[in-house]
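Read through the structure below, which is laid out as structure tokens, and then see the notes.
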Amino acid sequence: MPAQAASAAPATSYEAKFRVWRGDAEGGDLKDFAVEVNEGEVVLDIIHRLQATQASDLAVRWNCKAGKCGSCSAEINGRPRLLCMTRMSTFTREETITVTPLRAFPVVRDLVTNVNFNYQKAREVPAFVPPPGVAAGEYRMQQVDVERSQEFRKCIECFLCQDTCHVVRDHEENKTSFAGPRFLMRVAELDMHPLDAAEETGLDRQTTAQDEHGLGYCNITKCCTEVCPEGIKITDNALIPLKERVADKKYDPLVWLGNKIRRRTTG
Numbered sequence: 050m051p052a053q054a055a056s057a058a059p060a061t062s063y064e065a066k067f068r069v070w071r072g073d074a075e076g077g078d079l080k081d082f083a084v085e086v087n088e089g090e091v092v093l094d095i096i097h098r099l100q101a102t103q104a105s106d107l108a109v110r111w112n113c114k115a116g117k118c119g120s121c122s123a124e125i126n127g128r129p130r131l132l133c134m135t136r137m138s139t140f141t142r143e144e145t146i147t148v149t150p151l152r153a154f155p156v157v158r159d160l161v162t163n164v165n166f167n168y169q170k171a172r173e174v175p176a177f178v179p180p181p182g183v184a185a186g187e188y189r190m191q192q193v194d195v196e197r198s199q200e201f202r203k204c205i206e207c208f209l210c211q212d213t214c215h216v217v218r219d220h221e222e223n224k225t226s227f228a229g230p231r232f233l234m235r236v237a238e239l240d241m242h243p244l245d246a247a248e249e250t251g252l253d254r255q256t257t258a259q260d261e262h263g264l265g266y267c268n269i270t271k272c273c274t275e276v277c278p279e280g281i282k283i284t285d286n287a288l289i290p291l292k293e294r295v296a297d298k299k300y301d302p303l304v305w306l307g308n309k310i311r312r313r314t315t316g
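Just so we're on the same page, the working numbering is the position in the sequence shown counted from 1, plus 49.
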């Protein structure tokens, strides 16, 4: 007969301690809850259970519950995460789980924040400029160029990278001049696109990255990469290469000489 005390599996259902931020733009506070947790559940399941049983007016943004829409971004124990992709098995049963709204953006209500800042920054990035004289169906690219930017297009715009970036998170005054990692990644993607004809129209993406999108604010701590649910290497594959191209262009002696001659002839 097996020793039941030694081999008994832990119960699949237990009571967890949750601390959830409740409030609005005027202010709020953390509220404590004790709530049932079942095997295999994610934090979003628990938030929904709280809505169903204890806090029917708890506001939370969500949609797909599959980690593909980016809607349910929040902070769990101080770390930016997707509620639907954070399993309860990540935490011990004795742990108090704290869920708060994204810190970098204004609170609308409870766990819902106003992320309009990000859409404004998206509009500030000039779109892809098609090459002249080439129809859309006639574009040809090397496979290496396709694969280079394929990673960036995995972005689900959860804005966790924007939230965790200390340039935005800790310095509200930087929001005007800093696009954030998500949109600097977009600038980098366009800048390395072999068919982008921006320069032929007078648009210098490298200069605008530095002067208009605040590339110089980024000090490559890789915190954006660490929280990306898609595993995009934002810092290594987008921001650092973009910084290198900006520096190469600025300090290239031939470019410097050409600019100096141009200033003299137009001065």
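C-beta atoms are modelled at their ideal positions from N, C-alpha and C, and glycine is treated no differently.
Residue pairing by DSSP leaves Ile283 without any beta bridge partner.
A residue is called buried when at least 16 other Cβ atoms come within 10 angstroms of its Cβ; Gly251 does not meet this threshold and is exposed. Non-local C-beta neighbours of Leu244 in its own chain, meaning closer than 7 Å and more than five positions away in sequence, comprise Pro180, Tyr188 and Met190, ordered along the chain.
With respect to the 8 Å criterion, Gly119 and Glu206 are classified as neighbours on the basis of their beta carbons. For Ser62, the three-state secondary structure derived from DSSP is strand. Following the DSSP letters along the chain, one finds Leu99 inside the alpha helix (DSSP H) bounded by residues Val92 to Thr102.
Per DSSP, Thr149 is not a residue of any alpha helix (DSSP H); the beta strand (DSSP E) it occupies stretches across Thr145 to Thr149. With 16 or more other CB atoms across the displayed protein chains lying within 10 angstroms of its CB, Glu238 is buried. Around the beta carbon of Arg128, a 10 Å sphere encloses fewer than 16 other beta carbons of the protein chains shown; the residue is thus reported as exposed.
Annotation: Met137 to Val217 spans about 29 Å, alpha carbon to alpha carbon. DSSP places Pro230 inside the alpha helix (DSSP H), whose first and last residues are Pro230 to Asp240. Inter-segment contact for the stretch 160 to 177 and the stretch 246 to 264 is present: three or more beta-carbon pairs are separated by less than 8 Å. Beyond the five residues adjoining it in sequence on each side, Leu209 comes within less than 6 Å, by CB distance, of Ser122, Pro129 and Val276 in the same chain, given in chain order. For Phe82, the enclosing beta strand (DSSP E) stretches over residues Gly76 to Asn87.
Val69 counts as buried, since no fewer than 16 other beta carbons sit within 10 angstroms of its beta carbon.
Distance from the CA atom of Arg294 to the CA atom of Ala246, rounded to whole angstroms, is 17 Å. Between the alpha carbons of Gln199 and Arg235 lies a distance of about 12 Å. The C-alpha of Gly116 is placed about 6 Å away from the C-alpha of Cys133. The DSSP-derived three-state label of Pro243 is coil.
In the structure shown, Val276 falls within a helical segment according to DSSP collapsed to helix, strand and coil.
Take the alpha-carbon of Glu75 and the one of Asp159: they are about 11 Å apart. In this structure Gly229 touches Lys170 by the C-beta definition: roughly 6 Å separates them, less than 8 Å. Under the 10 Å beta carbon count, Gly265 is surrounded by fewer than 16 other beta carbons and is classified as exposed.
Contact annotation: Leu233 and His262 have beta-carbon atoms nearer than 8 Å. Taking a C-beta distance under 8 Å as the contact criterion, Cys204 and Ile269 do not qualify as a contact pair.
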